[in-house]
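First the structure, in the form of structure tokens, and then the observations on it.
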């Protein structure tokens, strides 16, 4: 009888242990952050990792990287600087590298967002050039985007925008075109 009781307790222990092992953990896909990451005094660091665009004037396809860093001067308003490095595949011409640097301003809209995401507008004015020429010229850009917070301090972003540039790019007198990009930002709390 003692052996049968011991066997039943042992099997019951295995059954409970097996049920405990079936708990699934999923990676975090969103975080309810409210306004905390975009408060005055915080910093943002990150950028666009997959910027794709099409140039209307030279009929070229562009891909690029754009790291950026900014500081929140008030709740929801950040100013900062960004650099860009890109590659352009030009129809009926040589391919080329593009570069640029620009200050930017970004505004996060208070309404129309969820606790885990924010819509924003982004604008930049700077200089740009290419491997084709020695000159640099004015570059302008505007974009609208959405930041989805996957943790309290990290957001994945997507943007759609328009860029204009008058540098000697794509064997023409400049470039203008639409672009989409995917990227991320890390929001660092400042001292208060």
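Residue numbers (this note's numbering): 1 to 192.
Every residue, glycine too, gets a C-beta built ideally from N, C-alpha and C.
As the structure is a computational prediction, the values presented were derived from the model and not from experiment.
Sequence-distant Cβ neighbours of residue 74 in its own chain, meaning closer than 6 Å and more than five residues away, are 40.
In the three-state scheme derived from DSSP, where H, G and I count as helix and E and B as strand, residue 159 is classed as strand. Between the alpha carbons of residue 77 and residue 92 lies a distance of about 43 Å. Per DSSP, residue 151 lies in no beta strand (DSSP E) and is assigned neither H nor E. Per the C-alpha coordinates, the member of 159, 70 and 189 positioned closest to residue 147 is 159. Closest option to residue 165, judged by alpha-carbon separation, among 142, 181, 155 and 157: 142. In the same chain as residue 191, and ignoring 5 residues on each side of it, the C-beta atoms closer than 8 Å to its own belong to 41, in chain order.
Counting only runs that start and end inside the region 24-111, there is no alpha helix (DSSP H) element of at least 4 residues.
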